[in-house]
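Notes for the one structure printed next.
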Amino acid sequence: MTDPVQPDRGAVLAALETVPDPKSGRGLVSAGLVQALVVRPGRAGFMLEVPGADVGLYGATHEAAEAALLKVPGVEKAQVVLTTATEVSGPQPGPPSEPFQAPGTVRVRRGARLSNEAQAQAQPPAQQPSGSMKPAHVRHVVAVASGKGGVGKSTVAVNLAAAMALLGRRVGLLDADVYGPSVPRMTGVDAEPEMTANKKLKPLEAWGLKVMSIGFLVDEAAPMIWRGPMASSALNQMLNDVAWGSEAEPLDILVIDMPPGTGDIQLTLAQRVALSGAVVVSTPQEVALIDVRRGVSMFEKTRVPILGVIENMAFFPDPVTGAPIPIFGHGGARSTAEALGAPFLGEIPIEVALREACDAGAPLVAQGGDSAAARAFLAIAGTVLEQVEAGEGLKAPPRIVIED
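When the letters of the sequence shown are read in order and numbered with full-length UniProt numbering, they come out as residues 1 to 404.
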């Protein structure tokens with residue numbers, strides 16, 4: 001069997017330019033519709049980015065683009081993902097006596113305060129009610145979030161998902177960090193998802209998980225230069241245009257590895273997706289804990305239950321004595337969780353084996369070891385499953401109104 005041939009990138013672009021944009025009549029490349037182009041040995045693919053209102057016009061274009069790619073020498077497999085860009089119109093000035101107020105916003109006087117319910121409602125109108133969207137054949141959706149980057153959120157998400165699979169659940173893992181997808185590397189998956197008969201993406205499988213990431217569709221070194229609406233649209237499609245489960249075998253739980261912070265994608269997920277709850281990851285450092293408070297506040301204001309806080313990199317076990325060395329401090333996440341009234345789920349120590357497992361693409365808990373970190377992941381996974389399956393994740397937080 002011969003190795004796949006590397007297609008010429010210029011030939012790929014030339015082939016796509018022969019496919020006309022149904023709106024402008026120009027080729028797809030010159031029309032700016034080709035995004036995140038991937039050219040690898042034996043295959044080529046890209047994202048066909050079109051305006052959301054015109055998506056119905058591009059079904060035949062999608063098929064024509066795949067056919068054009070397959071004609072390029074060296075391309076044995078073509079992958080074209082149709083994605084939409086949301087266009088946000090600018091504000092229109094109102095009468096001088098009545099300042100402009102965007103639809104879906106709530107105007108308050110200076111110094112006034114909104115209840116969590118009112119703040120959750122102060123959002124642009126959506127096609128679906130807030131928190132109503134859930135992927136088909138998925139029982140529970142849990143977000144793993146962090147207030148800032150660099151705290152090991154993806155490491156926690158991957159190992160929590162793998163631990164839940166070891167506990168006998170059907171588990172999916174969605175890498176929602178579209179600007180820095182790391183799940184492909186951490187799970188050791190390097191392939192492109194295929195389409196099912198009903199035009200849904202088939203998630204890749206590894207370590208007992210069904211996995212989907214934008215990283216499967218773009219080159220690892222390619223930067224994702226997307227505005228918020230485009231990134232949110234891509235995430236929406238990875239949620240709803242992926243065959244996570246079936247009527248006969250629904251997914252028990254979908255773990256979403258969120259991007260760090262509290263930006264557009266996080267807000268879209270919190271407001272639009274029927275989340276059973278959120279897990280917040282932090283290190284013990286105060287600089288990380290400040291952002292934990294912001295993250296917890298965002299979930300509370302969007303009425304997403306907080307399943308708990310995890311302290312990652314809690315300590316480093318002394319190689320000789322085993323005594324914990326608090327490199328980044330200790331106990332900060334626990335005290336912050338207590339102050340916020342959120343459950344504290346546990347501590348994950350710093351272990352060389354954990355870092356090596358992530359780099360090797362093999363989740364630590366899936367390797368069957370008995371390290372402190374592996375035990376912690378299994379214990380935390382069990383606690384999260386108990387909360388979600390008992391219905392704790394379906395309860396909305398109390399509505400608190402603070403008045404002067």
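Every residue gets a Cβ at the ideal spot worked out from N, C-alpha and C, and that includes glycine.
Endpoints, alpha helix (DSSP H) assigned at Ile-265: Reading the sequence shown from its first residue, position 265 is the one you call residue 265. From DSSP, the alpha helix (DSSP H) with Ile-265 extends over 264-272.
Please report the straight-line C-alpha distance between Thr-321 and Ala-206, rounded to a whole angstrom. Numbered from its first residue, the sequence shown carries residue 321 at position 321. Numbered from its first residue, the sequence shown carries residue 206 at position 206. If I take the Cα positions, the gap works out to 36 angstroms.
Apart from the five residues just before and just after Ala-65, which ones in its own chain have a Cβ nearer than 7 angstroms to its Cβ? On the sequence shown, residue 65 is found 65 positions in, with the first residue counted as 1. Once the five neighbours on either side are set aside, the close Cβ partners of Ala-65 are Leu-16, Val-19, Leu-28, Leu-48 and Val-80.
Proximal residues to Val-75 (C-beta, below 6 angstroms), its chain only, five neighbours per side dropped: Against the sequence shown, residue 75 aligns to sequence position 75. The residues are Pro-7, Ala-44 and Leu-69.
Counting beta carbon pairs with one atom in the segment 237-256 and one in the segment 209-219, are three or more of them shorter than 8 angstroms? The segment 209-219 is in contact with the segment 237-256.
Thinking C-beta only, is Ala-274 closer than 7 angstroms to Lys-134? Reading the sequence shown from its first residue, position 134 is the one you call residue 134. Reading the sequence shown from its first residue, position 274 is the one you call residue 274. Result yes, Cβ atoms of Lys-134 and Ala-274 sit closer than 7 angstroms.
So Leu-166 and Val-365 are in contact, right, with Cβ under 8 angstroms, and what is the actual spacing, rounded? Mapped onto the sequence shown, residue 166 falls at position 166. Mapped onto the sequence shown, residue 365 falls at position 365. Leu-166 to Val-365, Cβ: 6 angstroms. Contact.
Just list the beta strand (DSSP E) runs in the segment 284-338, keeping only unbroken ones of 3 residues or longer that don't cross its boundaries, in chain order. 306-312
So, does the segment 344-352 touch the segment 311-318, judging by three or more C-beta pairs under 8 angstroms? Taking 8 angstroms as the limit for Cβ pairs, the verdict is that the segment 311-318 does touch the segment 344-352.
Tell me, please, which residues DSSP counts as bridged to Val-281. Reading the sequence shown from its first residue, position 281 is the one you call residue 281. Val-281 is bridged to Ser-146 and Ile-310.
Nearest-angstrom Cα separation, counted from Val-39 out to Arg-9: In the sequence shown, the residue the question calls residue 9 occupies position 9. In the sequence shown, the residue the question calls residue 39 occupies position 39. About 6 angstroms.
Take Ser-246 as the anchor and find which of Arg-293, Lys-200, Gly-308 and Gly-150 has the nearest alpha-carbon. The residue you call residue 246 lines up with position 246 of the sequence shown. Among Arg-293, Lys-200, Gly-308 and Gly-150, the Cα nearest to that of Ser-246 belongs to Lys-200.
Can you say whether Leu-204 is buried or exposed, counting buried as having 16 or more other CB atoms within 10 angstroms of its CB? Start at 1 with the first residue of the sequence shown, and residue 204 comes out as number 204. Leu-204 comes out buried.
Who does Val-34 pair with in a DSSP beta bridge? The residue labelled residue 34 in the question sits at position 34 within the sequence shown. According to DSSP, Val-34 bridges with Leu-48.
Three or more beta-carbon pairs under 8 angstroms between the segment 170-183 and the segment 248-256, yes or no? yes
For the beta strand (DSSP E) containing Met-212, name the first residue and the last one. Translated into positions along the sequence shown, residue 212 becomes position 212. Taken as a continuous stretch (DSSP letters only), the beta strand (DSSP E) holding Met-212 covers 209-213.
If you draw a straight line from the alpha carbon of Gly-332 to that of Ile-380, how long is it in whole angstroms? Your numbering for residue 332 matches position 332 in the sequence shown. Your numbering for residue 380 matches position 380 in the sequence shown. The straight-line gap from Cα to Cα measures roughly 18 angstroms.
Where Gln-79 falls: helix, strand or coil (DSSP): On the sequence shown, residue 79 is found 79 positions in, with the first residue counted as 1. Three-state DSSP puts Gln-79 in a strand.
How about Val-304 and Val-280: do their beta carbons lie closer than 7 angstroms? Residue 304 sits at position 304 when you count from the first residue of the sequence shown. Residue 280 sits at position 280 when you count from the first residue of the sequence shown. Against a cut-off of 7 angstroms, the Cβ pair of Val-280 and Val-304 comes out as no contact.
Ranges of the alpha helix (DSSP H) found wholly within the segment 343-368, counting only runs of at least 4: 352-360
Residues of its chain near Leu-33, where Cβ-Cβ distance is below 8 angstroms and the 5 sequence neighbours each way are ignored: On the sequence shown, position 33 is the one that residue 33 refers to. The residues are Asp-21, Leu-48, Glu-49 and Val-50.
Looking at the strands, I want to know which residues DSSP matches up with Gly-206. As a first step, residue 206 is located in the sequence shown; it is residue number 206 there, counting from the start. Checking the sequence shown, residue 206 turns out to be Ala, not Gly. Ala-206 is bridged to Leu-209.
In three-state DSSP terms, what is Gly-382? Here residue 382 corresponds to residue number 382 of the sequence shown, with the count starting at 1. Correct three-state label for Gly-382: helix.
In DSSP terms, what His-62 is bridged to: Taking the sequence shown and counting its residues from 1, one reaches residue 62 at position 62. According to DSSP, which records beta bridges pairwise, His-62 is partnered with nothing at all.
With which residues is Glu-194 paired in a DSSP beta bridge? Numbered from 1 along the sequence shown, position 194 holds the residue referred to as residue 194. According to DSSP, which records beta bridges pairwise, Glu-194 is partnered with Lys-202.
What are the partner residues of Leu-160, as DSSP defines its beta bridges? Taking the first residue of the sequence shown as position 1, residue 160 is located at position 160. Paired residues: none, contrary to the question.
Do Val-138 and Leu-251 have their C-beta atoms within less than 7 angstroms of each other? Here residue 138 corresponds to residue number 138 of the sequence shown, with the count starting at 1. Here residue 251 corresponds to residue number 251 of the sequence shown, with the count starting at 1. Yes, Cβ-Cβ distance for Val-138 and Leu-251 is below 7 angstroms.
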